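Peer 1: Questions regarding the structure given below will be posed in turn.
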């Protein structure tokens, strides 16, 4: 539904900016995968300024958010770190038909705050320099699934299992590395755009594309603020913000 209404955003937002936002302001509650914390906060600030609507934000692992929604959590919109969970909610009849789309395509990176520790050679995992390696929990976080895929492709997952430090989500995984509780870790490229240290942007051939889907929940069907945010997320203004944080965006959401 928000795809169908996208053209309205193009015309409504400039009018609202010129008139000072005469449309009645509303509230929208969104649950967002932890890896997308940086860009979504910038997008929310722009959305609120231009529309007058207010956004309530919850961040967490996609797996936990999915479970919360299944237990009745009152979210209007879910921005997952994968395609699977929004598709499952859609199949369960819990979403507005036609509202699901891919808003970002994530990039996985191996990062350490220590200069020179990480390189683009697989032997960095077995040369003894990385004693503890952080990954997001593959059972909860899509970026953890991607990290496991990389290690499996390199035939190293079982060999390194005793060294793995698992974060509940990608934000906690980043913290493990940033605070020295792990020597290096698989994180979202967006998290380390301005970080020092050493990094390896993982080749796409080593993991399946991290297509991140958004969906509007059925409870928000008649919430103008929720529809407006869904539309805004698809504008070129929002897509540019997303790309500035190291993500890719599809040629057209879908």
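Numbering (this note's numbering), first residue to last: 18 to 271. Don't be surprised by glycine CBs; every beta carbon is placed ideally from N, CA and C. Nothing here was measured: the structure is a model prediction, and the numbers come from that model.
1. Which term fits residue 87, buried or exposed, when burial requires 16 or more other beta carbons within 10 angstroms of its beta carbon?
2. Which residue marks the beginning of the beta strand (DSSP E) containing residue 232, and which one marks its end?
3. State the DSSP-derived secondary structure class of residue 204, mapped to helix, strand or coil.
4. Which same chain residues end up closer than 8 Å to residue 185 when comparing Cβ atoms and leaving out the 5 residues on each side of it in sequence?
5. Excluding the 5 residues preceding and the 5 following residue 56 in the sequence, name in chain order all residues of the same chain whose CB lies nearer than 8 Å to its CB.
6. DSSP has residue 95 in a bridge; who is on the other side?
7. Tell me the DSSP secondary structure of residue 38 in three-state form.
8. By the three-class DSSP mapping on this structure, what secondary structure does residue 63 have?
9. Just reading off the beta strand (DSSP E) that residue 129 is part of, what are its end residues?
10. Distance check for residue 144 and residue 53, CA to CA, integer angstroms please.
11. Let me check understanding here. Comparing Cα to Cα, which of 236, 214, 73 and 268 lies closest to residue 131?
12. Runs of 4 residues minimum, wholly inside the stretch 133–200: which ones carry the alpha helix (DSSP H) assignment?
13. Is it right to say residue 103 is buried, meaning 16 or more other beta carbons lie within 10 angstroms of its own, or is it exposed?
14. To the nearest whole angstrom, what separates the beta carbons of residue 129 and residue 194, a pair I think is in contact under 8 Å?
15. For residue 59, tell me which candidate among 243, 255, 138 and 266 has the shortest Cα-Cα distance.
16. Using 8 Å for Cβ pairs, my map puts residue 46 next to residue 83. What's the rounded Cβ distance?
17. How would you call residue 244, buried or exposed, if buried means at least 16 neighbouring beta carbons within 10 angstroms?
18. Would you say residue 98 and residue 227 are within 8 Å of each other, going by their C-beta atoms?
19. Taking the beta carbon of residue 70 as the centre, do at least 16 other beta carbons fall within 10 Å, making it buried, or is it exposed?
20. For the stretch 104–118 against the stretch 236–251, are there 3 or more C-beta pairs whose distance is under 8 Å?
Peer 2: Let's see:
1. As a position in the chain shown, residue 87 is number 70, starting the count at 1. With fewer than 16 other Cβ atoms within 10 Å, it is exposed.
2. Within the chain shown, residue 232 is the residue found at index 215, counting from 1. Run containing residue 232: 227–233, per the beta strand (DSSP E) assignment.
3. Mapped onto the chain shown, residue 204 falls at position 187. Three-state DSSP puts residue 204 in a strand.
4. Along the chain shown, read from residue 1 onward, the residue named residue 185 stands at position 168. Excluding residues within five positions, the ones whose Cβ falls inside 8 Å are 78, 81, 153, 154, 157 and 158.
5. Looking up residue 56 in the chain shown gives position 39. Correct list, in chain order: 121, 207, 258, 259, 261, 262 and 264.
6. Counted from its first residue, the chain shown places residue 95 at position 78. Paired residues: 48 and 232.
7. Taking the chain shown and counting its residues from 1, the one referred to as residue 38 is at position 21. With a pLDDT of 43 at residue 38, under the threshold of 50, the modelled position of this residue cannot be trusted, and the question is left open.
8. Residue numbering aside, residue 63 sits at position 46 when the chain shown is read from its first letter. Helix.
9. Looking up residue 129 in the chain shown gives position 112. Unbroken beta strand (DSSP E) run through residue 129: 125–129.
10. For the purposes of this step, residue 53 is taken as the residue at position 36 of the chain shown. For the purposes of this step, residue 144 is taken as the residue at position 127 of the chain shown. Going from the Cα of residue 53 to the Cα of residue 144 covers about 32 Å.
11. As a first step, residue 131 must be located in the chain shown, where it is residue number 114. Selected option, being the one with the closest Cα: 214.
12. 159–170, 174–177 and 187–195
13. As a working mapping, residue 103 is identified with position 86 in the chain shown. With 16 or more Cβ atoms within 10 Å of its Cβ, residue 103 is classed as buried.
14. The residue given as residue 129 occupies position 112 in the chain shown. The residue given as residue 194 occupies position 177 in the chain shown. Indeed, because the Cβ distance is near 7 Å, the residues count as touching under 8 Å.
15. Counting from one through the chain shown, the residue named residue 59 turns up at place 42. The shortest Cα separation from residue 59 among 243, 255, 138 and 266 belongs to 255.
16. Sequence index remark: in the chain shown, residue 46 carries index 29 (1-based). Sequence index remark: in the chain shown, residue 83 carries index 66 (1-based). Their Cβ separation, rounded to whole angstroms, is 16 Å, which puts residue 46 and residue 83 out of contact at 8 Å.
17. Residue mapping note: residue 244 aligns to position 227 of the chain shown, counting from 1. Under this definition residue 244 is a buried residue.
18. The residue labelled residue 98 in the question sits at position 81 within the chain shown. The residue labelled residue 227 in the question sits at position 210 within the chain shown. Yes.
19. Taking the chain shown and counting its residues from 1, the one referred to as residue 70 is at position 53. Buried, since its Cβ has 16 or more Cβ neighbours within 10 Å.
20. yes
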